[in-house]
Amino acid sequence: MKKVVPTILVVNDDGITAPGIKALMDAMAQIGRIVVVAPDSPQSGMGHAITIGKPLRLDKVDIYDGIEMYRCSGTPVDCVKLAVNKIFKGQKPDLCVSGINHGLNNSINVLYSGTMSAAVEGAIENIPSIGFSLDDYTLQADFEPCIKYVKEVALQVLANGLPQATLLNVNFPAGTTIKGLKICRQASAKWAEEFDERVDPHKRPYYWLTGVFQLNDGGEDTDVWALEHGYASVVPVQFDMTAHHAIPYLNNWKFNV
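Note that the numbering used here has the sequence shown beginning at 10, numbered continuously upward.
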């Protein structure tokens, strides 16, 4: 009986030439047939943004031999939408993987992440989806220690599937030694933000966003704890943002209308 080779959509937010997506492509090419759709420039922090006010471009490119690749002028979510509708034409891939991002997407960062939003869009399309990120923002980041874990998580998802409306957020610590994988919850944290005000040559003010990551969670079952202790964190994520626990509370309100 002929072995069925899975088809894997590879996306990211750092751009089509980022080293992280090349590492992810190499890992996924060992598992199945890959199709790459990535932004033509970095799109970090775009969250779940989509392009609605201007045309989108999708161009086939020949960057690596034997790899089907497309460069998109839009956001990471645009990349997934165009892939599903124009490249796969409704015949959805078996897996969508996003990354490997240069920089963590743990805790509250998942809300801002273009990497994770691309994976969320894959899950919305009912495609098993995973986002991968590494705690290294440099172009010289070493992704090699992550690869066996990336492959194993992808293989497990292909073999077992994921619960309905759920995807995985996988983050790797910096360094060459990873102790293993830990299933975690998202740590409670926020960014204490400031805007550094400066003045341009025309005497007009402009601003640079800065901030400090504030952890409000001492739990040893969180993604932050796992990463700080040398483990890769695996957090199941859902895109249903309903606060189900709050519905009984709100049902006790008396609306005077």
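Glycine is no exception: its CB is placed at the ideal position from the N, C-alpha and C atoms. Values in this document were obtained by computation on a predicted structure and should not be read as measured data.
At the level of alpha carbons, what is the spacing between GLN7 and GLY29? One cannot answer for residue 7 here, as it falls past the ends of the chain, which runs 10 to 266.
Under a three-way DSSP split, which group does LEU167 fall into? Residue 167 sits at position 158 when you count from the first residue of the sequence shown. If DSSP states are grouped into helix, strand and coil, LEU167 belongs with the helices.
In angstroms with no decimal places, state the Cα-to-Cα distance between ASN180 and ASP230. Here residue 180 refers to the residue found at position 171 of the sequence shown. Here residue 230 refers to the residue found at position 221 of the sequence shown. Annotation: ASN180 to ASP230 spans about 14 angstroms, alpha carbon to alpha carbon.
Let me confirm a value: VAL159 is counted as buried when at least 16 other C-beta atoms fall within 10 Å, else exposed. Which label applies? Residue numbering aside, residue 159 sits at position 150 when the sequence shown is read from its first letter. The residue is buried, with at least 16 neighbouring Cβ atoms inside 10 Å.
So, using beta-carbon positions, are ALA47 and GLY75 closer together than 8 angstroms? Reading the sequence shown from its first residue, position 38 is the one you call residue 47. Reading the sequence shown from its first residue, position 66 is the one you call residue 75. Annotated as distal: ALA47 and GLY75, with beta-carbon spacing of 8 angstroms or more.
ALA8 versus TYR146 - alpha carbon distance: Because the chain here runs from 10 to 266, residue 8 falls outside it and cannot be looked at.
Run of the alpha helix (DSSP H) containing GLY220, from where it starts to where it stops: Within the sequence shown, numbered from 1, the residue matching residue 220 stands at position 211. Where GLY220 is concerned, there is no enclosing alpha helix (DSSP H), although the beta strand (DSSP E) it sits in stretches over 214 to 224.
Can you give me the C-alpha to C-alpha distance between TRP200 and VAL14, rounded to a whole angstrom? Here residue 200 refers to the residue found at position 191 of the sequence shown. Here residue 14 refers to the residue found at position 5 of the sequence shown. When rounded, the distance between both Cα atoms is 42 angstroms.
By the DSSP assignment, the alpha helix (DSSP H) with VAL233 in it spans what residues? For the purposes of this step, residue 233 is taken as the residue at position 224 of the sequence shown. 232 to 237 is the extent of the alpha helix (DSSP H) around VAL233.
Can you give the beta carbon distance from MET125 to GLY140, rounded, assuming they're within the 8 angstroms contact cut? Position 116 of the sequence shown, counted from the start, is the residue given in the question as residue 125. Position 131 of the sequence shown, counted from the start, is the residue given in the question as residue 140. MET125 to GLY140, Cβ: 4 angstroms. Contact.
Which one or two residues does DSSP pair with VAL20 in a beta bridge? Along the sequence shown, one-based indexing puts residue 20 at 11. The partner list for VAL20 (beta bridge, DSSP) reads SER107.
Where the alpha helix (DSSP H) containing GLY189 begins and where it ends: Walking along the sequence shown from the start, residue 189 turns up at place 180. Careful: GLY189 lies outside any alpha helix (DSSP H) and carries neither H nor E.
In DSSP terms, what PHE4 is bridged to: Since the first residue shown for the chain is 10 and the last is 266, residue 4 is missing from the structure and cannot be characterised.
Using alpha carbons as the reference points, say which of VAL166, LYS101, ASP249 lies closest to ALA174. Numbered from 1 along the sequence shown, position 165 holds the residue referred to as residue 174. Minimum Cα distance to ALA174 is reached at ASP249.
Using 10 angstroms around the beta-carbon of SER50, count the other beta-carbons present and answer buried if the total reaches 16, otherwise exposed. Indexing the sequence shown from 1 puts residue 50 at position 41. Per the 10 Å Cβ criterion, exposed.
With DSSP as the reference, identify every bridge partner of PHE204, one or two as the case may be. Stepping through the sequence shown from its first residue, residue 204 is reached at position 195. Paired residue(s): LEU218.
My guess is that ALA198 and ASP226 are in contact by the Cβ rule of under 8 angstroms, so how many angstroms apart are they, rounded? The residue you call residue 198 lines up with position 189 of the sequence shown. The residue you call residue 226 lines up with position 217 of the sequence shown. About 6 angstroms separates the two Cβ atoms, so the contact holds.
For THR185, I'd like the list of residues in its chain whose CB is within less than 6 angstroms of its CB, leaving aside the five on either flank, ordered along the chain. Within the sequence shown, residue 185 is the residue found at index 176, counting from 1. Only PRO154 meet the Cβ criterion.
Based on DSSP bridge pairs, tell me the residues matched to VAL268. One cannot answer for residue 268 here, as it falls past the ends of the chain, which runs 10 to 266.
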